[in-house]
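A short write-up of the structure that comes next.
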Amino acid sequence: MPRLRKPSDDVIANLMQAQGLLDFSYPAVGASAGQPPAGYVVDHTRINLGQGERVFKAARAALERWDHLRLGWLEPNAPGPPTCAGQVVATLARSLGLWWLNVCRVVYVVEAHGPVEQFGFAYGTLPAHLACGEERFAVEWDRASDTVWYDISAFSLPRHPLARLGYWWMRKVQKRFGRDSARALARVVQRSLSRPA
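The following block contains the structure:
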């Protein structure tokens, strides 16, 4: 929801608590694990983070700290790492001179072992969000090629009247988010690798 002033921690916490009692704002809950539902706009960002187990572990730790959402113009507010479905998280963004507070809930957590090691999670929008839809964040280590990837997959539609009215701006911000999140995670991983093991 848009605000003229930056909301206090108490305001954010109260909104998260209230939103946590409500249902998701879209019907296709969990669809980011497979085929996106028809009628939604789909975004996909995928970058190579490097090679090897150390890169994968650094990327996983960054996701667990929500570092992929620490973008300067956007910050997460979450009680801890995304370890289980049901966890509520808020994001606070600054754009067009306003503060935009959006609330989501973790839909599922992915942890796969085998030829492709994977960790990630998806969260879906709650009613106090400008959009409706779901976004999945995952890091993958393909053992055969030893390559580590960061993958963002999302489907969405505008929900709030301001999002519909300024949909061109919403799309611009969504595309910027994909690029900035990829850069943020890559930076955190590189910083982690530059420290002694």
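The sequence shown runs 2 to 198 under this note's numbering. Glycine residues also receive a C-beta, built at the ideal position from the N, C-alpha and C atoms.
Would you check if the distance between the CB atom of A91 and the CB atom of I13 is smaller than 9 angstroms?
-> yes
Would you call the region 117-125 and the region 94-101 touching, i.e. three or more CB-CB distances under 8 angstroms?
-> no
Backbone CA spacing between W169 and R4 [nearest angstrom] = 20 angstroms
Starting from D143, follow the beta strand (DSSP E) in both directions and report where the run begins and ends.
-> A132 to D143
Measure the Cβ-Cβ separation of A86 and V110 and say whether it is below 9 angstroms.
-> yes
E118 and F178 look like a contact to me (Cβ under 8 angstroms); what is the Cβ gap, rounded to whole Å?
-> Between F178 and E118 the Cβ distance is about 26 angstroms, and since that is not below 8 angstroms, they are no contact.
Applying the criterion that 16 or more other CB atoms from any shown protein chain within 10 Å of the CB defines a buried residue, is W74 buried or exposed?
-> exposed
Residue interval of the alpha helix (DSSP H) (run including L75) | Careful: L75 lies outside any alpha helix (DSSP H), inside the beta strand (DSSP E) at L75 to N78.
Beta-carbon proximity list for T46, same chain, < 6 angstroms, skipping 5 on both sides = I153, G179 and A183
Between P8 and the rest of its own chain, which residues show a CB-CB distance below 6 angstroms, the 5 nearest in sequence each way excluded?
-> L102
Can you tell me which of the three DSSP states D11 falls into?
-> helix
Kindly indicate which three-state DSSP category F120 falls into: helix, strand or coil?
-> strand
Residue range of the unbroken alpha helix (DSSP H) whose run includes D181 | Y168 to S195
Chain D contact for A86 (CB, 9 angstroms cutoff) | Chain labels in this structure do not include chain D; a single protein chain is all it has.
Measure the Cβ-Cβ separation of A60 and L186 and say whether it is below 9 angstroms.
-> yes
Could you say which of E136, L70, A164 and S195 lies nearest to G35 if we only look at CA atoms?
-> E136
Under a Cβ-count criterion, where at least 16 other Cβ atoms within 10 Å of its own Cβ denotes burial, should V89 be classed as buried or exposed?
-> buried
Kindly indicate which three-state DSSP category F57 falls into: helix, strand or coil?
-> helix
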